[in-house]
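Working notes for the structure below.
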Ligand SMILES: [Zn+2]
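Numbering (this note's numbering), first residue to last: 5 to 265.
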């Protein structure tokens with residue numbers, strides 16, 4: 005058992021490392037299909053032994069070996085989060101009655117949520133780093149959610165997936181309109197609406213409600229703490245995408261664990 009857990013953690017750390025690269029390249033317009041990783045500052049090739057998830061970051065003390073430019077803390081953070089979330093998902097789907105059970109349906113089910121969670125993680129990184137959520141990892145994956153729901157590979161049915169996606173988009177769209185009407189300011193971005201549509205397509209109508217609830221609570225809490233620490237008040241933009249992703253993931257696991265116990 006311990007061996008399985010360690011194996012999963014390592015595999016998903018590597019997957020997290022890949023998601024970092026996808027997120028970075030999708031916002032900074034680097035050559036998306038270039039094979040080897042390069043330093044974001046000096047463009048030097050990164051040696052394979054400097055490319056080990058988390059460990060290389062610690063050994064290099066967060067600096068490029070060649071140019072000494074700082075490596076973003078987002079790299080190890082995203083790797084650890086990915087590993088944690090996907091290991092939990094693996095257990096959630098395959099660990100049944102104190103045993104790992106694999107059959108065609110739950111393998112496909114794992115694949116469906118694996119795509120969903122990977123998209124949430126990529127959106128989290130791009131939103132934290134550049135305040136954007138790429139459409140390829142939000143709205144374009146909505147039909148993919150419908151297809152998974154249609155073939156019964158999600159914990160929700162087809163109509164719940166459709167309603168969840170439309171409702172998710174609409175509620176943030178209306179909130180943004182009302183907010184703009186009263187304050188004459190842009191509060192929510194198009195990216196947030198598209199991300200919540202994706203969330204609705206994979207966890208349904210109830211999932212959207214809980215996601216908004218958890219995201220607003222944690223978002224305002226972190227926002228206030230951030231304001232108190234930095235004492236910045238003007239032109240403050242806090243990305244909402246990471247909170248939506250957090251809300252969706254918390255709902256997914258709580259919902260299934262509550263059903264079990
Ligand atoms: Zn460098």
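The beta-carbon is built from N, C-alpha and C at its ideal position, and this holds for glycine as well.
**OP:** For residue 40, count neighbouring C-beta atoms within 10 Å of its own C-beta (all shown protein chains included) and say buried if the count is 16 or more, exposed if not.
**Re:** exposed
Original post:
Relative to the C-alpha of residue 59, which residue among 28, 6, 77 is closest?
Top reply: 77
Subject >> Inter-stretch contact (C-beta, 8 Å, three-pair minimum) for the stretch 134-142 and the stretch 189-200 >> reply: yes
**OP:** Rank 186, 200, 232 by C-alpha distance to the C-alpha of residue 218 and give the top, closest one.
**Re:** 200
**OP:** State the beta-bridge partners of residue 103 as determined by DSSP.
**Re:** 100
Original post:
Whose C-alpha, out of 165, 16, 49, is nearest the C-alpha of residue 118?
Top reply: 16
Original post:
According to the Cβ coordinates, are residue 161 and residue 169 closer than 8 Å?
Top reply: no
**OP:** Just the C-alpha distance for residue 80 and residue 74, rounded to the nearest angstrom, thanks.
**Re:** 13 Å
**OP:** Please indicate yes or no: does the CB of residue 18 lie closer than 7 Å to some heavy atom of ligand 1?
**Re:** no
Original post:
Any idea if residue 57 is buried or exposed, counting beta-carbon neighbours within 10 angstroms, 16 or more meaning buried?
Top reply: buried
Original post:
Rounded to a whole number of angstroms, what is the C-alpha to C-alpha distance between residue 197 and residue 177?
Top reply: 6 Å
Subject >> Given residue 46 as reference, the closest of 96, 71, 28 once Cα atoms are compared >> reply: 71
Subject >> Spatial neighbours of residue 132 in its chain, beta-carbon cut-off 7 Å, leaving aside the 5 residues before and after >> reply: 78, 243, 246
Original post:
Which stretch, first to last residue, makes up the alpha helix (DSSP H) that contains residue 51?
Top reply: Neither: residue 51 is in no alpha helix (DSSP H) and is coded neither H nor E.
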